[in-house]
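Chemist: If you use this note's numbering, the sequence shown corresponds to residues 419 to 667, in order. All C-beta atoms in this analysis are idealised placements derived from N, C-alpha and C, irrespective of residue type, glycine included.
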Amino acid sequence: MAIFLTGDTHGDFSRLRPEVFREQERLTKEDYVIICGDFGGIWDGSDTEQQWLDWLADRPFTTLFVDGNHENYDFLRNYPTCEWHGGQVQTIRPGVLHLMRGQLYEICGKRIFTMGGASSHDIRDGILEPDNPDYERKLRQLNAAGALFRVNHRSWWKEELPSVDEYETARKTLNQARWDVDYIITHCCPSSVQDTFSRGFYQRDALTDFFDEIQERCRFQYWFFGHYHENMVVERRFVVLYEQMLRLK
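1. DSSP three-state label for D465, please.
2. Spatial neighbours of D627 within its chain, please: CB distance less than 6 Å, with the 5 preceding and 5 following residues excluded, ordered by chain position.
3. Taking its Cβ as the centre, do 16 or more other Cβ atoms sit within 10 Å of C454, making it buried, or is it exposed?
4. Roughly how many angstroms separate the alpha carbons of F431 and T424, rounded to a whole number?
5. According to the Cβ coordinates, are R555 and M533 closer than 8 Å?
6. Report yes or no: do three or more beta-carbon pairs, one from the segment 471 to 487 and one from the segment 544 to 561, lie closer than 8 Å?
7. Kindly list the residues whose CB is nearer than 7 Å to the CB of T509, restricted to its own chain and excluding five residues on each side of it in sequence; keep chain order.
8. Run through the segment 444 to 519 for me and flag every whole beta strand (DSSP E) of 3 or more residues, listed as ranges in chain order.
9. Is the beta carbon of V652 less than 8 Å from the beta carbon of T604?
10. Is it buried or exposed, A562, if we count other Cβ atoms within 10 angstroms and call 16 or more buried?
11. Among the candidates E547, C606, K447 and L579, whose CA atom is the shortest distance from the CA of Q633?
12. Is it buried or exposed for V439, if we count other Cβ within 10 angstroms and need 16 for buried?
13. At 3 residues or longer, and completely inside the segment 619 to 652: list those beta strand (DSSP E) runs for me, N to C.
14. Among residues of its own chain, excluding the 5 on either side of L494, which ones have a beta-carbon nearer than 6 Å to its beta-carbon?
15. Rounded to the nearest angstrom, what separates P512 and R435 at their Cα positions?
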């Protein structure tokens with residue numbers, strides 16, 4: 419059994435094609451590819467999107483993902499939830515599973531804690547409400563100005579950051595595990611780590627500060643995350659992934 423990790427896919431799964439990800443020739447459904455947020459495969463409900471999800475389900479491996487800030491949470495919440503490998507998941511397709519927030523799974527003999535979510539940073543010019551009477555005019559103005567904005571329930575959802583209940587679930591899970599896991603998989607990272615490599619470009623929020631608490635209290639080997647569109651290692655134990663495919667040893 420093997421575990422591979424990669425970063426944001428944003429609905430583009432070309433890196434998982436057999437001619438690119440050649441290792442899959444020897445994999446089975448007992449092997450896993452984990453996407454560290456911004457999966458993007460549940461976005462607009464189009465026929466093309468459904469075909470890609472079917473394509474993922476047909477891969478020889480099982481695809482797992484944590485959620486990021488670029489997911490359609492209106493669609494995502496409609497998928498059924500069940501217990502899998504010790505934690506709660508949503509089944510998108512047989513062999514395509516959403517690893518939910520604040521959960522601990524035992525996968526290939528490793529204890530993996532997951533906590534999706536992140537703040538969008540491409541919204542400097544605000545969130546546009548589609549039911550605003552001036553929506554069309556404002557949309558044209560923002561597009562003409564090259565503004566950085568999102569549209570509520572179309573390209574942005576407040577659920578990109580965890581709820582109070584999800585933070586409570588995470589703390590309860592880690593308390594039960596005595597704050598001792600093998601790996602942590604998220605979309606963003608602790609505030610202190612983010613500050614180290616972003617030089618203030620990415621702002622702290624409640625989630626990154628919560629991850630600082632986890633970093634201080636939890637024993638873990640490595641922490642993997644996406645979001646920042648980089649491939650690098652920070653302070654030895656924090657691994658930022660984007661297009662790279664990494665196999666856990």
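Modeler: Let me lay it out:
1. helix
2. S609
3. With 16 or more other CB atoms across the displayed protein chains lying within 10 angstroms of its CB, C454 is buried.
4. Using only the alpha carbons, I get a separation of about 11 Å.
5. no
6. no
7. These residues qualify, in order along the chain: Y497, P498, C500 and L515.
8. With a minimum length of 3 residues, the continuous beta strand (DSSP E) runs that stay inside the segment 444 to 519 are 450 to 454, 480 to 484, 499 to 502, 505 to 511 and 514 to 517.
9. no
10. exposed
11. C606
12. According to the sequence as given, residue 439 is Phe; it is not Val. The residue in question, F439, is buried, as its Cβ has 16 or more Cβ neighbours within 10 Å.
13. 640 to 643 and 650 to 652
14. I460
15. 18 Å
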